[in-house]
Each structure stands twice: as C-alpha cells, then as structure tokens.
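Chain order of the listed sequences is U and V.
If you read the first sequence in our numbering, its first letter stands for residue 1, the second for the next number, and so on.
If you read the second sequence in our numbering, its first letter stands for residue 1001, the second for the next number, and so on.
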Amino acid sequence: QGSILDRYVRTEGAWLLNPMKQVYRANSEEECAEKCENEDKFACRDGHLNLHDSKPFFQPNPLAALALTRLKGLESMKGVVYLLECKEGKGVDYRGTEAKTQKGVRCQKWADNDPHKPKYTPEKYPNAGLEENYCRNPDNDDKGPWCYTTDPDTRFDYCNIPECEVECMHCSGENYHGVVAKTVSGFECQRWDSQQPHSHGYLPENFPEKDLKNNYCRNPDGEPRPWCFTTSPTKRWDYCDIPRCTTSPPPPTPGRQCLSGRGEDYRGTVSVTESGNTCQHWNSQSPHRHARTPENYPCQSLDENYCRNPDGEKRPWCYTTNTTARWEYCDIPSCDSTKPEAPDVDVPDQAEVIEECYQGNGVTYRGTASFTLSGKKCQAWSSMSPHRHNKTAENFPNAGLSQNYCRNPDADSRPWCYTTDPSVRWEYCDLKKCDGQGILTVPKPPQTTLETNPECIIENGVDYRGTVAKTARGRTCQEWSSQRPHSHDYFTPTTHPRAGLEKNYCRNPDGDVNGPWCYTTDPRKAWEYCDIPKCPPPQYECGKSKFRPKLCAQR
Amino acid sequence: IVAGCVSHPHSWPWQISLRTSYGMHFCGGTLIDPQWVLTAAHCLEKSSRPAAYKVYLGLHREAATEPSVQIRDVEKLFKEPRRADIALLKLSRPAVINNHVIPVCLPKENSVLGGREECYVTGWGDTRGTSGGGYLKETGFPVIENKICNRPEFLNGRVKKHELCAGNIHGGTDTCQGDSGGPLVCLNQDKFVQHGVTSWGLGCAQPMKPGVYVRVSNYIPWIKSVMESN
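If you want it as structure tokens, here you go:
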C-alpha cells in the first residue's frame, strides 16, 4: 500500500491556500497530500515562488490567491500530471497558465462579466480550475481548452496548448513528460533526486524547467533522445526507447537569421566557424563521426552544414571539415547589434535615458544600464534563476542592488551583473568609464603587522613572535643585534632572517625543544630560557580568508 | 595557472607549496587541519621518504620571502589505498593558524555540486606565458557534469566517477603543471569548501579539454580515518 505520498513527488515548500484566504501550513507531507486529495477546495499548485515579490502570499481577492500565489515544487501523481504547460487529450485537466487565444487575443477572467457574461463561472464549476483568465475546458469541448475573449466581438475562442508528450515524443523528446523509466539496455532508471548508485549534478532543483521527476526518462541536456541514470552500478546512464509520436510535431518556433540568446532558434545559413573552418554537413559522418544528425534532432533544422545549436550549447556551432578541429562555435551577428530592445524592467520615468558611465571602478554607479558587454540581459539581483548567488540586497545593503541594474557590489574592476543566459553566469556591463582615471590599483591587504602575534607558544615556540623580553628568572633580554654584554655571531637578524630576531624579544631560532630563550643583559648569565605559556588549540573558521579573494574568473 | 589573475596576497590561506627538501616548488596542496595537508598522490611519486618533502605555508610569492611564511617538515605520507590521485601529509608539527594560514573546509561525504557551480583553482604552476608567474594565481570556471565531460568532443569517457571536470569549454584558462595537488574550492554561503584536488588534464587551457580533479567528497571517510588514527 505504501503511504499516500507514494503517488506524489516531493512537496518542497508547498503551501496550501483555500479561497477563504487563510494560509494553511501542512505539518507533514502526508497531511499536505491528504488535503490535496480530499478537500477539493484545495488546489495543489505548481509554479515558482515569485522571488521578486516580497508581498505576503495572500492577495486581496482570495480566488486570485490561488492563481497568483504560485508555489514552489510540482505536485504530480504517477501517470496524472498536473499543471504542466501542455494538455492531454481534450485538456480537461489542463491547469497551465496560457491566457491568450490562438489568435493572440487576451482572455477574459472567468470571474468577470465584461465584455462577455460567462456561462461557465468559478462558482458554478468549482472543479474546472476557472482561475484568473487561464485557458480551460469546463465543457469538455472536443477542440480543447478555450476562454472568453476580451474582444467584445468575439465571445470565445480556442487556445493553442501543446500536446503533452506522454506516451510518445516529438523531436528529441525535450518536452517528453511520460513515465517510461527503463533504458534501452533494460536497466531501471535511478531517481533524479537520488545520488545512488550514481552521483550527478542533474538535481531537479537545478533544472526546475526540465521536469526531472521520479525516475522518468528525460532529455534535459540536448541529447538525441530521453535518457536516465541507471540503477546498475556498472552503467552510469543510458538512453531510453521512447516511440516517436505519429501526430505532427508542434509548429517550429519561427527561425531567426541573427543570434538571440543562445541561438537555439537560429536558422540562418552561416556555415563557417569563428576560426574560419568550413562546417561539416550534419548528415555526414566525415571527417568527424557524431550523433548530432538530422534524424536524431528532427526539429532543429540541421540543414546542410549551417551553424546550429541543437543541444543547449552556449551559441550556434558545427563540426568542422578540418580533421584537427572536431567542432567550433560560429560567429553569428547578434540580433541585438541594433539598439537593444527596451529592457523589460521599468526604467524610472524621471530617469532620462542618457549615455551612462561609471566613476572609478563603478562601486558608486547607480544608473539603470542592464545589459552586458555581449548584449545579454542582466538577471535581477533578487532572483536566483538562472544563476544562484549571494549578491543580494540583504547581503550587500549599500551596493544599490535593485532590479537588474549593473552594479559592482564586490569592488570588482567595473560594474557587472549575472546574465539571464543560463550558460553565462555573469559578465561586465556595457558601460563606459566617466573619467580618465587610471586603473585602480589592487587594494593592499592590511599590513601583516596589524596582526596581533599571540603571547603564547605552539609546540617548542619556534614560531613565537610575541614581545616577552624577560627570562624565566626575571633577567632582561639583550638585543639580538647587540654584542653587549654577550658577543655572539651565530644568532643575529642577518644570519637568521626568518627567525624573527627583533629587538630583545624571546625567540627560538635554533628550534630548542625547551622553547624560546634570549641572551641576558646580566654579564654573569649568557642566555636563559623564557617562560611563555602554551597556546590553546587554534580556534579558526575553516574556509574563511581574512583577505578578500579577487575571485577573478573567465566569467 | 594559465590566464586568470594574480591573487590578492594571502586571500587563499589554505594554499600550500609542496617543495623538495632543498626548497624547490613542484606541487600544490591544501591545509585541511593545522597539522594535515591534502595533495595529489602523483606528487609523491618521486620519493616515499617524508624527509624528501617540505611544506611552505603563508606565502604569496613563490620566492617565499614574506615574514608570514611557515615551513614544516613532513612527518608521514598517506596515499589513498585504492590508488586514487589523492594523498595526505602529516606535518612534523602544527602550522600556526593566523591571518595568513587558515585551513579550508571539507565537503560533506558524497556531496555533489549542482550544475553550473562556479569554483576557483589556485597555484604557482606553469602560466604558459600568461602574466603573473612567481605569484599565487587564481582563476574560476564552472564545474561540468561528468556526463557532458565524457562526450566524444570533450574527454571522451576518460573521467571516472570519483573525478570531476571543471573549466571553460572553449579553454583559455586552466590549471597546469605545478598546480597539481592544489585545491578546487567553491563558495558555499560565506565559506570556501574544497571539492577537488587538481589531478590531470589533456594539455592546459585547450578548447574542449577541461581539467580533471579528484572528487574530494568521495574520500571524506578515508581522510577522517587517517587523521583520527594518526
């Protein structure tokens, strides 16, 4: 029988909201699932906690709370998949967030009466998921999810919701959401959230958009088809055998003739790499054998020998006809080489969009530039996607980390930002320097003398650098650089530069087992041991340096 | 370190320089405890005598002229029994922990780095003509999932389960000869954790040839048992 949870994947941080605007916190995953199961007023929802929105969970309109307050984690029962942005069959269970008709007209809210008085309302059909203005199919319409439109002349229209690829796959199975969990070699798949028997980096929380659920076959990284880690200790991973759908694949995204983002929709005809090598034809296996064939990637337009990005690389690339260079990136003109589109963060109206620049190293820059040198848009500082980081306004309150504006919170050489490109963590910003100031010199670490040398000794005290200058019997020590009253030519600051023989401090230049000593100012006593306490075992915090590392990186 | 940059002095206080008994640098290493250093087993192939080695700590220049430098003899060598490229050195006496000498944190047993983690490597190794020779250098790049690193166009199945890959796909910066044994550290909250020991690579900073590091989290039980029993 197992527990009720067997039918759910892990509910991380799932909150339960009911229309009565109270927020229920389930005390256990079982209790959470119980509510999801039995109390139909609860909708276990999908989505991503809106990190930008520090507003509390509930909204003025309780029903809106169900729609807007989106939860972390994805609830899904084996075989029945909630809340994906795709539909099965007529889409009666579709609970995604598409809110436009197939003609692109915005949907009317189901709770509204204007411009159309709805027959299907949330009150009359509480189980139909009629939230907000999302496309739904409350009347089991054969043509699938639809909505009332905001166009007074068109009462309703159908929406364009892709078919979930459940028992088959289109293209290379990037959108496969089925439940096959066995490899072509017959091995059972390992769960994605497990590190046994194979440890790996494909953690569901690192790839939330890839639906790495249970141990189902998936294609999160541009392989020719879905795969999984296997439960066999001897076989780390293998492909799965998912049949191709017989229905026509989803309409391809309109291709571009220039580079935008990672160029996955680039459909131009550049066929030379950045170093000038000619591209090898995709359907050829010479001079380089490979798996990036048009058959394996039917939706990636691997035509001729044109540069493409079929597998989530940083940008379009190709195998080359040069036997010594297997593959190389291509230089595709950026679509943004024109003026970058207006950033979709609000530019404060009072801010006149002027040619901005930064002073010094830009730590004080508070402008609104939000694009990097290579034209990538900056990720909002408050967001942890696609790049997790610790440069938040909480950690750096005086760094002006607002929106996705270029900043220099860590005294780097110039303003920078994390980029919205998952494969490029951060880049310097496209900003000029205001003044002619030279490059700042690297801040010197505080002088080592600031460091207080402990007045205690470790082991035999050969490293003791304290300032005790009296022997155990109270005699004053003679200066190491002096020859009076006792002349000595062996232990002097010049003969032992590293022994710390300064002034008349007790030292142990010869590693004497009994610890530090000194020549004495008493003519009758040449030298004597000093009496210095042993240090307690060192207290330290591992991994925390006292001097800030530069963290220079080929970011 | 090829490319990258010269570090702020003493900003990687766990980095040590492993030297011959007459003071020549030949490998890196990491202070993980006042009296223990982690390094690569292949650094100890020349001699199995502890007296053949010295450990320099608290330095920034390879010349080791700073007053903060501490020098220790090696009391014992411990190579990983299943011949992984990782080894422990017990120092003749503990290092003095101060602003210049601080041990690094170790990862949890079998912990795995998520995708796209950015980590840092340091060392006094070969710079292949890039700037900063003679000083401790650093560079940073992402850890690459073994599955991708083992693709034909990269290291083509050479990376073992107990190893990890890190570097830039298009090369340009990397560890190199003389950096072996040194740390690959990743920031976790506000502390640096050592996830890798610099081990091997196909050349240095070559496109499509990321560096390979011993996955430290696989060897936590061994490290603990050796330190506790010695």
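By construction, the Cβ of each residue, glycine as well, lies at the ideal position given by its N, Cα and C atoms.
The structure displayed is predicted, hence computed values, not measured ones.
Nearest to residue i by alpha carbon, out of the options?
| i | options | result |
| --- | --- | --- |
| U/Y505 | U/E123, U/S482, U/D93 | U/S482 |
| U/D141 | U/R106, U/G91, U/E174, U/G104 | U/G91 |
| U/L551 | V/K1137, V/K1108, V/A1064, V/I1097 | V/K1137 |
| V/D1085 | V/G1196, V/G1133, V/V1226 | V/G1196 |
| U/P138 | U/M384, U/N322, U/W110 | U/W110 |
| U/Y329 | U/Y358, U/G466, U/Q280 | U/Q280 |
| V/V1069 | V/L1057, V/L1077, V/A1063 | V/L1057 |
| U/W192 | U/I242, U/P204, U/G186 | U/P204 |
| U/D421 | U/K213, U/T183, U/S260 | U/S260 |
| U/G375 | U/E427, U/A393, U/C168 | U/E427 |
| U/N277 | U/T494, U/Q190, U/C307, U/G515 | U/C307 |
| U/W146 | U/D93, U/H496, U/P197, U/F187 | U/D93 |
| U/H288 | U/T269, U/Y176, U/Y319, U/Y158 | U/Y319 |
| V/T1065 | U/C168, U/R507, U/R498 | U/R498 |
| V/S1007 | V/A1051, V/V1121, V/P1103, V/A1087 | V/V1121 |
| V/D1073 | V/H1060, V/E1080, V/A1087, V/P1094 | V/P1094 |
| U/Y519 | U/T471, U/A99, U/E88 | U/T471 |
For residue i, count the other beta carbons within 10 Å of its own beta carbon; 16 or more makes it buried, fewer makes it exposed. Which is it?
| i | result |
| --- | --- |
| U/L611 | The requested residue 611 of chain U is not part of the displayed model; chain U covers only 1 to 555. |
| U/P126 | exposed |
| U/G461 | buried |
| U/Y490 | exposed |
| U/A553 | buried |
| U/G543 | buried |
| U/E209 | exposed |
| V/P1221 | exposed |
| V/M1024 | exposed |
| U/C171 | buried |
| U/C107 | buried |
| V/T1039 | buried |
| U/R484 | exposed |
| U/G201 | buried |
| V/S1131 | exposed |
| U/V270 | buried |
Taking 7 Å as the threshold (beta carbon to beta carbon), is residue i in contact with chain V?
| i | result |
| --- | --- |
| U/I242 | no |
| U/A553 | yes |
| U/K546 | yes |
| U/K470 | no |
| U/R326 | yes |
| U/E163 | no |
| U/W237 | yes |
Quick check: what's the CA-CA separation for residue i versus residue j?
| i | j | result |
| --- | --- | --- |
| V/S1011 | U/A399 | 22 Å |
| V/T1139 | U/A411 | 17 Å |
| V/G1157 | V/G1123 | 27 Å |
| U/V81 | U/E163 | Any reading at U/V81 needs caution, since the residue's pLDDT is 34, under 50, leaving its predicted position unreliable; the model's value is listed next. Answer to the nearest angstrom: the Cα atoms are 12 Å apart. |
| U/M20 | U/Y134 | Caution applies to U/M20, whose pLDDT of 34 falls short of 50 and renders its modelled position unreliable; the value that the coordinates give is listed next. The alpha-carbon atoms of U/M20 and U/Y134 are separated by roughly 21 Å. |
| U/G129 | U/P122 | 7 Å |
| V/S1180 | V/E1062 | 15 Å |
| V/E1163 | V/L1077 | 22 Å |
| V/L1113 | U/Y358 | 36 Å |
| V/T1030 | V/C1043 | 13 Å |
| U/T321 | U/D303 | 16 Å |
| U/K314 | U/P298 | 20 Å |
| V/A955 | V/T1020 | Outside the displayed range of chain V (1001 to 1230) lies residue 955 of chain V, so it cannot be described from this structure. |
| U/N309 | U/D265 | 8 Å |
| V/K1079 | U/D211 | 42 Å |
With 7 Å set as the bound, which would you pick, yes or no: does the beta-carbon of residue i sit closer than that to a beta-carbon of chain U?
| i | result |
| --- | --- |
| V/K1191 | yes |
| V/I1001 | no |
| V/I1102 | yes |
| V/K1046 | no |
| V/C1005 | yes |
What first and last residue would you give for the alpha helix (DSSP H) that runs through residue i?
| i | result |
| --- | --- |
| V/W1222 | 1220-1229 |
| U/K100 | Neither: U/K100 is in no alpha helix (DSSP H) and is coded neither H nor E. |
| V/I1148 | 1146-1149 |
Between which two residues does the beta strand (DSSP E) carrying residue i extend?
| i | result |
| --- | --- |
| V/I1016 | 1015-1020 |
| V/I1032 | 1025-1033 |
| V/C1119 | 1118-1123 |
| V/F1192 | 1191-1200 |
| V/I1071 | 1070-1079 |
| V/V1212 | 1211-1215 |
Contact criterion: CB-CB distance below 7 Å. Does residue i meet it with respect to chain C?
| i | result |
| --- | --- |
| U/Y540 | The question asks about chain C, but that chain is absent: this structure's protein chains are U and V. |
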